[in-house]
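J.:
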Amino acid sequence: MLLTEEKVYQVADVIPYIYQLKEEFEKSRLVQYMQQETTPVEERLNFAPYFAYFANSFSDLSAYIIPYENPDTDLKKKINQHTKEDMCHNGLFLQDMQLFEEKFHDFTFTKCLEFLWDEKIKHSRILSFGITKLTYLASEPSLRYCLIRIIEELGNTFFQISHKCKIGERESKYFGHIHLGYEPGHLHVEDEKLFESQKLTSEQYELAKQIVRECFTLFFNMMEEIYERTLERKFC
287 MLLTEEKVYQ VADVIPYIYQ LKEEFEKSRL VQYMQQETTP VEERLNFAPY
337 FAYFANSFSD LSAYIIPYEN PDTDLKKKIN QHTKEDMCHN GLFLQDMQLF
387 EEKFHDFTFT KCLEFLWDEK IKHSRILSFG ITKLTYLASE PSLRYCLIRI
437 IEELGNTFFQ ISHKCKIGER ESKYFGHIHL GYEPGHLHVE DEKLFESQKL
487 TSEQYELAKQ IVRECFTLFF NMMEEIYERT LERKFC
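With the working numbering as the guide, the letters of the sequence shown map in order to residues 287 to 522.
1) Considering just the uninterrupted stretch of the alpha helix (DSSP H) at residue 343, what are its terminal residues?
2) Count the other CB atoms within 10 Å of the CB of residue 505; is the residue buried (16 or more) or exposed (fewer)?
3) Give the secondary structure of residue 319 by DSSP, where H, G and I count as helix, E and B as strand, and everything else as coil.
4) Extract the residue ranges of the alpha helix (DSSP H) inside the segment 378-452, only unbroken runs of 4 or more that lie entirely within it.
5) Below 8 Å on the Cβ atoms is my guess for residue 457 versus residue 463; work out the distance and round it to an integer in Å.
6) What residue from 326, 379 and 356 has the CA that sits closest to residue 459's CA?
7) Under a Cβ-count criterion, where at least 16 other Cβ atoms within 10 Å of its own Cβ denotes burial, should residue 287 be classed as buried or exposed?
8) DSSP beta-bridge partners for residue 485?
9) Mind reading off the beta-carbon distance from residue 428 to residue 327? Whole number of angstroms is fine, and I expect it under 8 Å.
10) For residue 308, which residues from the same chain have a beta carbon less than 6 Å from its beta carbon, with the 5 sequence-adjacent residues on both sides left out?
11) Using a Cβ distance threshold of 8 Å, determine whether the segment 333-347 contacts the segment 501-518, with at least three qualifying pairs required.
12) Less than 7 Å between C-beta atoms, sequence neighbours within five positions excluded: which residues of the same chain meet that for residue 521?
13) When you compare the segment 363-379 with the segment 346-355, are there three or more beta-carbon pairs, one atom per stretch, that lie closer than 8 Å?
14) Counting C-beta neighbours from all protein chains within 10 Å, is the total for residue 410 16 or more, i.e. buried, or is it exposed?
15) Is residue 519 helix, strand or coil by DSSP?
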(Lines of atoms letter the chains of each structure in order from A and count residues from 1; the text may use other names and numbers.)
(Lines give C-alpha, C1' and ligand atoms only; values in the text may rest on other atoms or scores of the structure.)
Protein backbone atom coordinates (compact mmCIF):
# COMPACT_ATOMS: atom_id res chain seq x y z
CA MET A 1 0.00 0.00 0.00
CA LEU A 2 1.47 3.32 -1.09
CA LEU A 3 1.42 6.21 1.33
CA THR A 4 0.39 9.56 -0.10
CA GLU A 5 3.03 12.18 0.51
CA GLU A 6 1.66 15.16 2.43
CA LYS A 7 1.72 18.40 0.50
CA VAL A 8 4.00 21.05 1.93
CA TYR A 9 2.91 24.68 1.77
CA GLN A 10 4.63 27.97 2.42
CA VAL A 11 3.32 31.04 4.22
CA ALA A 12 3.38 32.71 0.79
CA ASP A 13 0.53 30.37 -0.22
CA VAL A 14 -1.72 32.08 2.35
CA ILE A 15 -1.11 35.59 0.97
CA PRO A 16 -3.49 35.30 -2.04
CA TYR A 17 -6.30 34.40 0.38
CA ILE A 18 -5.45 37.48 2.45
CA TYR A 19 -5.69 39.63 -0.69
CA GLN A 20 -9.05 38.04 -1.47
CA LEU A 21 -10.34 39.01 1.99
CA LYS A 22 -8.87 42.47 1.53
CA GLU A 23 -11.06 42.92 -1.56
CA GLU A 24 -14.11 41.83 0.45
CA PHE A 25 -13.21 44.35 3.13
CA GLU A 26 -13.33 47.16 0.57
CA LYS A 27 -17.04 46.41 0.22
CA SER A 28 -17.81 47.15 3.88
CA ARG A 29 -20.38 49.90 4.19
CA LEU A 30 -18.14 52.11 6.31
CA VAL A 31 -15.39 52.03 3.70
CA GLN A 32 -17.98 52.79 1.02
CA TYR A 33 -19.43 55.61 3.15
CA MET A 34 -16.07 57.39 3.30
CA GLN A 35 -16.10 57.55 -0.50
CA GLN A 36 -19.63 58.88 -0.96
CA GLU A 37 -19.59 62.17 -2.83
CA THR A 38 -23.00 63.02 -1.36
CA THR A 39 -21.37 63.34 2.08
CA PRO A 40 -19.02 66.34 2.54
CA VAL A 41 -15.39 65.35 3.06
CA GLU A 42 -15.44 67.27 6.36
CA GLU A 43 -18.19 65.00 7.74
CA ARG A 44 -16.95 61.59 6.62
CA LEU A 45 -15.01 60.95 9.84
CA ASN A 46 -17.84 61.82 12.22
CA PHE A 47 -17.79 58.16 13.26
CA ALA A 48 -14.28 58.56 14.74
CA PRO A 49 -15.32 58.43 18.44
CA TYR A 50 -16.67 54.91 17.88
CA PHE A 51 -13.07 53.78 17.32
CA ALA A 52 -12.18 54.72 20.91
CA TYR A 53 -12.24 51.23 22.39
CA PHE A 54 -10.48 49.59 19.46
CA ALA A 55 -7.77 52.23 18.99
CA ASN A 56 -6.73 52.06 22.63
CA SER A 57 -7.16 48.32 23.16
CA PHE A 58 -5.09 47.59 20.04
CA SER A 59 -2.17 49.37 21.67
CA ASP A 60 -2.52 46.97 24.60
CA LEU A 61 -2.73 44.01 22.24
CA SER A 62 0.47 45.18 20.57
CA ALA A 63 2.19 45.66 23.92
CA TYR A 64 1.03 42.64 25.93
CA ILE A 65 -0.65 39.99 23.76
CA ILE A 66 0.73 39.72 20.23
CA PRO A 67 4.48 39.91 21.05
CA TYR A 68 6.30 36.87 22.42
CA GLU A 69 7.27 36.92 26.09
CA ASN A 70 10.46 35.00 25.33
CA PRO A 71 11.55 35.81 21.77
CA ASP A 72 14.14 33.05 21.45
CA THR A 73 14.25 32.92 17.64
CA ASP A 74 14.95 35.48 14.95
CA LEU A 75 11.37 35.30 13.65
CA LYS A 76 9.92 35.93 17.10
CA LYS A 77 12.23 38.90 17.55
CA LYS A 78 11.07 40.36 14.23
CA ILE A 79 7.44 40.02 15.27
CA ASN A 80 8.18 41.78 18.55
CA GLN A 81 9.99 44.51 16.63
CA HIS A 82 6.81 45.06 14.59
CA THR A 83 4.45 45.14 17.56
CA LYS A 84 6.66 47.69 19.30
CA GLU A 85 5.91 50.06 16.41
CA ASP A 86 2.14 49.50 16.69
CA MET A 87 2.02 50.20 20.44
CA CYS A 88 1.93 53.98 20.13
CA HIS A 89 -0.71 54.62 17.46
CA ASN A 90 -3.45 55.35 20.00
CA GLY A 91 -1.66 58.62 20.75
CA LEU A 92 -2.71 59.81 17.29
CA PHE A 93 -6.30 58.91 18.09
CA LEU A 94 -6.24 60.86 21.35
CA GLN A 95 -5.05 63.94 19.47
CA ASP A 96 -8.00 63.57 17.10
CA MET A 97 -10.47 63.38 19.95
CA GLN A 98 -9.46 66.88 21.02
CA LEU A 99 -11.20 68.04 17.82
CA PHE A 100 -14.46 66.58 19.16
CA GLU A 101 -14.26 68.28 22.56
CA GLU A 102 -17.24 70.55 21.91
CA LYS A 103 -19.39 67.52 21.17
CA PHE A 104 -18.19 65.79 24.35
CA HIS A 105 -19.01 68.69 26.69
CA ASP A 106 -21.88 66.82 28.35
CA PHE A 107 -19.96 63.52 28.65
CA THR A 108 -19.63 62.70 32.34
CA PHE A 109 -17.31 59.87 33.33
CA THR A 110 -20.35 57.62 33.73
CA LYS A 111 -21.61 58.50 30.26
CA CYS A 112 -18.17 57.83 28.86
CA LEU A 113 -18.17 54.31 30.32
CA GLU A 114 -21.70 53.72 29.08
CA PHE A 115 -20.61 54.83 25.61
CA LEU A 116 -17.57 52.55 25.50
CA TRP A 117 -19.49 49.51 26.73
CA ASP A 118 -22.71 50.19 24.84
CA GLU A 119 -24.30 47.05 23.40
CA LYS A 120 -24.59 48.89 20.08
CA ILE A 121 -20.81 48.98 19.64
CA LYS A 122 -19.98 45.59 21.12
CA HIS A 123 -18.03 44.43 18.08
CA SER A 124 -15.16 46.83 18.80
CA ARG A 125 -14.76 44.99 22.11
CA ILE A 126 -15.34 41.54 20.62
CA LEU A 127 -12.60 42.27 18.09
CA SER A 128 -10.01 42.80 20.82
CA PHE A 129 -10.89 39.57 22.61
CA GLY A 130 -11.04 37.77 19.27
CA ILE A 131 -7.52 38.84 18.36
CA THR A 132 -6.35 37.60 21.75
CA LYS A 133 -7.83 34.19 21.02
CA LEU A 134 -6.32 34.10 17.52
CA THR A 135 -2.91 35.09 18.86
CA TYR A 136 -2.82 32.00 21.04
CA LEU A 137 -3.96 29.83 18.14
CA ALA A 138 -1.11 31.35 16.14
CA SER A 139 1.58 30.22 18.55
CA GLU A 140 4.15 29.56 15.80
CA PRO A 141 5.80 32.64 14.23
CA SER A 142 4.71 31.57 10.75
CA LEU A 143 1.07 31.55 11.85
CA ARG A 144 1.35 34.71 13.90
CA TYR A 145 2.82 36.42 10.87
CA CYS A 146 -0.36 35.51 8.94
CA LEU A 147 -2.47 37.06 11.70
CA ILE A 148 -0.43 40.26 11.69
CA ARG A 149 -0.39 40.37 7.90
CA ILE A 150 -4.20 40.32 7.60
CA ILE A 151 -4.44 43.06 10.26
CA GLU A 152 -1.92 45.18 8.35
CA GLU A 153 -3.57 44.61 4.96
CA LEU A 154 -7.02 45.53 6.28
CA GLY A 155 -5.58 48.57 8.03
CA ASN A 156 -3.87 49.69 4.83
CA THR A 157 -7.14 49.30 2.91
CA PHE A 158 -9.02 51.39 5.46
CA PHE A 159 -6.45 54.18 5.80
CA GLN A 160 -5.98 54.44 2.03
CA ILE A 161 -9.56 55.74 2.01
CA SER A 162 -9.82 57.50 5.38
CA HIS A 163 -6.75 59.70 4.81
CA LYS A 164 -8.71 61.57 2.13
CA CYS A 165 -11.35 62.60 4.69
CA LYS A 166 -11.23 65.29 7.37
CA ILE A 167 -12.51 66.06 10.84
CA GLY A 168 -14.17 69.36 10.14
CA GLU A 169 -11.55 71.53 8.44
CA ARG A 170 -8.58 69.60 9.84
CA GLU A 171 -6.73 66.54 8.71
CA SER A 172 -6.98 63.64 11.11
CA LYS A 173 -3.85 62.32 12.77
CA TYR A 174 -5.17 58.77 13.30
CA PHE A 175 -7.24 58.43 10.12
CA GLY A 176 -4.97 60.62 7.97
CA HIS A 177 -1.60 60.53 6.19
CA ILE A 178 0.43 60.07 9.37
CA HIS A 179 -1.18 56.78 10.36
CA LEU A 180 -1.34 55.62 6.74
CA GLY A 181 2.44 55.89 6.70
CA TYR A 182 2.55 53.41 9.58
CA GLU A 183 0.24 50.94 7.79
CA PRO A 184 2.04 49.83 4.62
CA GLY A 185 0.15 46.53 4.53
CA HIS A 186 3.03 44.43 5.82
CA LEU A 187 5.34 44.10 8.82
CA HIS A 188 7.68 46.87 9.91
CA VAL A 189 10.69 44.62 9.41
CA GLU A 190 13.29 44.00 6.76
CA ASP A 191 13.30 40.88 4.58
CA GLU A 192 9.65 39.88 4.90
CA LYS A 193 10.38 37.03 2.48
CA LEU A 194 11.94 35.26 5.44
CA PHE A 195 8.43 34.80 6.84
CA GLU A 196 6.76 34.03 3.52
CA SER A 197 9.24 31.24 2.77
CA GLN A 198 8.45 29.38 6.01
CA LYS A 199 7.02 25.92 5.40
CA LEU A 200 3.55 24.90 6.59
CA THR A 201 2.05 21.45 6.91
CA SER A 202 -1.42 20.93 5.44
CA GLU A 203 -2.86 21.28 8.93
CA GLN A 204 -0.95 24.52 9.57
CA TYR A 205 -2.00 25.88 6.18
CA GLU A 206 -5.68 25.30 6.96
CA LEU A 207 -5.22 26.80 10.42
CA ALA A 208 -3.55 29.88 8.92
CA LYS A 209 -6.52 30.37 6.58
CA GLN A 210 -8.92 29.92 9.50
CA ILE A 211 -7.03 32.53 11.53
CA VAL A 212 -7.02 35.15 8.77
CA ARG A 213 -10.68 34.49 7.95
CA GLU A 214 -11.77 34.88 11.58
CA CYS A 215 -9.68 38.03 11.93
CA PHE A 216 -11.26 39.46 8.78
CA THR A 217 -14.74 38.70 10.14
CA LEU A 218 -13.94 40.48 13.41
CA PHE A 219 -12.89 43.64 11.59
CA PHE A 220 -15.70 43.49 9.04
CA ASN A 221 -18.31 43.18 11.79
CA MET A 222 -16.88 46.19 13.59
CA MET A 223 -16.94 48.25 10.38
CA GLU A 224 -20.57 47.34 9.70
CA GLU A 225 -21.61 48.15 13.25
CA ILE A 226 -19.86 51.53 13.23
CA TYR A 227 -21.56 52.32 9.93
CA GLU A 228 -24.94 51.72 11.58
CA ARG A 229 -23.97 54.10 14.39
CA THR A 230 -22.79 56.66 11.83
CA LEU A 231 -26.32 56.85 10.45
CA GLU A 232 -27.49 58.09 13.87
CA ARG A 233 -25.34 61.23 13.33
CA LYS A 234 -24.52 61.46 17.04
CA PHE A 235 -21.29 63.40 16.47
CA CYS A 236 -22.27 65.54 13.47
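Note that CB positions come from ideal geometry on N, CA and C, so glycine has one too.
T.: If we stick to the structure as given:
1) Per DSSP, residue 343 belongs to the alpha helix (DSSP H) from 338-346.
2) Under this definition residue 505 is a buried residue.
3) Of the three classes helix, strand and coil, the one that applies to residue 319 here is helix, per DSSP.
4) Listed in chain order, the complete alpha helix (DSSP H) runs (minimum 4 residues) inside the segment 378-452 are 395-402, 408-423 and 427-448.
5) Their Cβ separation, rounded to whole angstroms, is 7 Å, which keeps residue 457 and residue 463 in contact under 8 Å.
6) A check of alpha carbon separations from residue 459 across 326, 379 and 356 identifies 379 as the nearest.
7) Per-residue confidence for residue 287 stands at a pLDDT of 45, beneath the threshold of 50, marking its modelled position as unreliable; the derived number appears in the next sentence. Exposed, by the Cβ-count rule.
8) When DSSP reads this structure, residue 485 sits in a beta bridge with 296.
9) With a Cβ gap of about 41 Å, residue 428 and residue 327 do not count as contacting.
10) 439 and 443, listed in sequence order.
11) Short answer: they touch.
12) Hits under 7 Å: 332, 335, 386 and 389.
13) Segments in contact, yes.
14) Buried.
15) Here residue 519 sits in coil by DSSP.
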